[in-house]
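Residue numbering for the sequence shown follows numbering that gives the first Met the number 0, beginning at 0 and increasing consecutively. These notes concern the structure reproduced below.
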Amino acid sequence: MTPSPARIVVVGGGLAGLRTVEELRGLGYAGAITLIGAEARPPYDRPPLSKQLMAGAVDDTTLRPELDSLDADFRLGERAKHLADGAIGTDRGEYAFDRLVIATGARPVALPGSGRQRFLRTIDDALALRAVLVPGARLVVIGAGWIGAELATVAAARGCTVTVIEAAAAPLAGAIGAEVGAATAPWYEQAGVELLLGQAVESVREGGLALAGGGWLAADVIVTAVGVKPDVAWLESSALKLENGVAVDEYLRASVPSVYAVGDCAAFWSRRFGCRMRTEHWDGALRAPAVLAANLTGQDQRYDPVPYFWSEQFGRMLQYVGDHRGADRLVWRGRPSGQRWAACWLAGVRLVAVLAVGLPRDLQQGRRLIESGAAVDASRLADPAVPLRECVQ
Ligand SMILES: Cc1cc2nc3c(=O)[nH]c(=O)nc-3n(C[C@H](O)[C@H](O)[C@H](O)COP(=O)(O)OP(=O)(O)OC[C@H]3O[C@@H](n4cnc5c(N)ncnc54)[C@H](O)[C@@H]3O)c2cc1C
């Protein structure tokens with residue numbers, strides 16, 4: 000076992016950065032830790048921003064009320080600018096490290112145009128947006144992805160007039176494919192939300208959106224929710240290999256010795272799925288740091304998750320586990336017009352992903368089937384009365 004490093008610097012004060020510090024101390028690491036975080040606030044949780052916080056049920060989602068017990072140097076409100084030769088340069092100074100952890104997360108993609116477009120990534124974004132989502136406000140959300148759907152749900156409940164405009168043919172098409180995503184389209188109308196599909200936005204202007212093809216959509220409040228990009232532009236001048244994020248191996252090690260990455264910014268090699276993968280999931284930011292901390296302190300643990308994500312929209316709980324990109328077959332469990340159903344993706348005879356709507360048991364059992372790699376019987380899978388765990392061939 001290699002000796003523990005004397006000084007670890009973590010860049011990024013989100014869930015993954017904080018959890019890395021917690022796991023290091025939990026393992027008994029007694030060296031110096033510095034965490035550099037661009038946001039001035041202490042680390043907080045993001046999933047409630049588009050749910051409970053937007054609805055007004057909570058105002059604060061701070062993850063850990065006291066940071067002192069972690070005995071780390073938290074440099075909040077400070078931004079890393081470059082990485083070179085064993086040191087990080089920030090807008091305030093230089094930090095030498097023995098090991099560096101990059102946990103800078105992701106930032107929203109903006110659309111062209113000089114009109115005001117809001118985003119929903121930070122707690123400040125969320126609080127400012129909530130303040131203008133008053134009854135009667137005309138909200139246009141660009142993008143019918145996870146965040147767009149959640150925001151539309153809450154805004155409609157707050158009495159706003161909500162339109163969601165989406166370039167693809169179905170909601171969630173980028174995340175779960177148009178066929179399954181289409182099953183969620185009726186939910187918009189049921190909630191009183193207008194859904195415009197197959198319509199691309201050309202630019203964001205004062206008072207509305209110019210649409211590709213010449214149309215105009217008026218709005219009081221415009222939220223762009225067309226996805227995020229890993230926040231790694233500051234590393235472009237470094238020697239690090241970037242490939243849709245910081246490219247890391249199965250041990251979360253980057254291409255430069257002593258540098259690691261974790262969370263939304265890390266594109267890790269998945270042995271299980273045989274591809275490079277970058278997830279934007281709370282569960283990854285929560286769990287990967289345990290593996291990372293072990294490796295930082297001399298162990299060799301593989302990070303090989305079955306990715307998990309959830310979303311709360313239109314009165315439903317959606318849970319997705321796995322990765323369906325290598326799938327060759329889709330099997331429905333239950334009618335997608337109903338309140339509870341699941342979509343199962345197969346690659347040959349193996350289950351590779353499940354989307355469960357209102358069916359947490361299918362999610363749990365599906366996760367175990369994916370983890371085991373067992374061959375499943377597709378005809379039993381299609382019968383919602385047969386528990387997933389009993390679908391093994
Ligand atoms: C509104 C919203 C709702 C969500 N809902 C869900 C959900 O329901 N289910 C789910 O699974 N996931 C959800 N997510 C995703 C989940 O929150 C993220 O996957 C998770 O926050 C990733 O954590 P992270 O620490 O990797 O990155 P982040 O949370 O993005 O944290 C990265 C931090 O690094 C900082 N940083 C960036 N660049 C620098 C720099 N150069 N120097 C210093 N600091 C820097 C950033 O300011 C940020 O504070 C949601 C996300 C949002 C925004």
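Just so it is clear, CB atoms sit at the ideal spot from N, CA and C, and this is done for glycine as well.
Which of the three DSSP states is assigned to S202 in this structure?
S202: strand per DSSP, three-state reduction.
Evaluate M0 with the Cβ neighbour count: other Cβ atoms within 10 Å of its Cβ, from every protein chain shown; 16 or more gives buried, anything less gives exposed.
Because M0 carries a pLDDT of 49, less than 50, the predicted location of this residue cannot be relied on, and the following value inherits that uncertainty. It is exposed - the Cβ of M0 has fewer than 16 other Cβ atoms within 10 Å.
Checking the sheet assignment: what are the DSSP bridge partners for L317?
Answer is S310 and V356.
Give me the Cβ distance between R98 and P4, rounded to the nearest whole Å; I'm assuming they're in contact under 8 Å.
Right, their Cβ atoms sit about 5 Å apart.
Can you give the Cα-Cα distance for V222 and Q363, rounded to whole angstroms?
C-alpha of V222 to C-alpha of Q363: approximately 34 Å in a straight line.
Three or more beta-carbon pairs under 8 Å between the segment 342-355 and the segment 364-374, yes or no?
A contact exists between the segment 342-355 and the segment 364-374.
Check for me: the alpha helix (DSSP H) holding G88 runs from which residue to which?
In the DSSP assignment, G88 falls outside any alpha helix (DSSP H) and within the unbroken beta strand (DSSP E) covering A86 to T89.
Let me make sure I understand the geometry here. Which of W331, V255, I164 and A95 has the alpha-carbon closest to that of S378?
For S378, the nearest C-alpha among the options comes from W331.
Supposed contact pair G197 and G13 - C-beta distance, whole angstroms, cut 8 Å
Wrong, their Cβ atoms sit about 34 Å apart, outside the cutoff.
Y250 (DSSP reduced to helix, strand or coil):
Note: Y250 maps to coil in three-state DSSP.
For the candidate residues L17, A83 and G25, whose alpha-carbon lies nearest to that of S236?
Nearest C-alpha to S236: A83.
What residues in its chain sit with their C-beta under 7 Å from that of A174, if we drop five residues either side in the sequence?
G144 and W145.
Hey, quick one: how far does the beta strand (DSSP E) through D72 stretch, first residue to last?
D72 to L75 is the span of the beta strand (DSSP E), which, as asked, contains D72.
Evaluate V133 with the Cβ neighbour count: other Cβ atoms within 10 Å of its Cβ, from every protein chain shown; 16 or more gives buried, anything less gives exposed.
For V133, the number of other beta carbons within 10 angstroms of its own is below 16, and it is reported as exposed.
Nearest to A136 by alpha carbon, out of A148, V153 and D123?
Taking only the C-alpha atoms, the option nearest A136 is V153.
Under the criterion of a Cβ to heavy atom distance below 7 Å, does A102 qualify as lining ligand 1?
The beta carbon of A102 sits closer than 7 Å to at least one heavy atom of ligand 1.
Using the Cβ count rule (16 or more neighbours within 10 Å means buried), how would you classify S68?
Exposed: under 16 other Cβ atoms inside 10 Å.
Integer Cβ distance of V245 from V227, believed to fall under 8 Å
Actually they do not touch by this definition, with Cβ atoms about 15 Å apart.
So which of A284, A341, G30 and D124 has the shortest CA-CA distance to I101?
Distances from the CA of I101 to each of A284, A341, G30 and D124 were compared; the closest alpha carbon is that of A284.
Ignoring anything shorter than 3 residues, give me the beta strand (DSSP E) runs that lie fully in the segment 130-165, in order along the chain.
The segment 130-165 contains these whole beta strand (DSSP E) runs: 137-141 and 160-164.
Quick test of the definition: if touching needs 3 or more C-beta pairs under 8 Å, does the segment 299-307 touch the segment 318-328?
By the Cβ rule, the segment 299-307 counts as touching the segment 318-328, because three or more pairs are nearer than 8 Å.
Can you tell which of D219, V385 and D376 has its C-alpha closest to the C-alpha of D361?
Minimum Cα distance to D361 is reached at V385.
Are V225 and V131 close, meaning C-beta to C-beta below 8 Å?
No, these two residues do not count as a Cβ contact at 8 Å.
If you run the structure through DSSP and keep just helix, strand and coil, what is L14?
In the structure shown, L14 sits in a helix (DSSP, three-state: H, G or I).
Would you identify the three-state DSSP class for L241, choosing helix, strand or coil?
Three-state result, L241: strand.
Which same chain residues, not among the five before or five after Y302, have their C-beta less than 8 Å away from its C-beta?
These residues qualify, in order along the chain: E249, Y250, L251, F267, A287, V290 and L291.
Is there contact here, the segment 196-216 with the segment 40-56, by at least three beta-carbon pairs under 8 Å?
Not touching, per the Cβ criterion.
Within the present structure, is the beta-carbon of G297 separated from the nearest heavy atom of ligand 1 by less than 7 Å?
Between ligand 1 and G297, a heavy atom-to-CB distance of less than 7 Å is absent.
Got a sec: does ligand 1 put a non-hydrogen atom nearer than 7 Å to the Cβ of D282?
Yes, ligand 1 has a heavy atom inside 7 Å of this Cβ.
Considering only C-alpha positions, which residue in the set F272, V255 and V192 is nearest to I164?
Closest option to I164, Cα to Cα, is V192.
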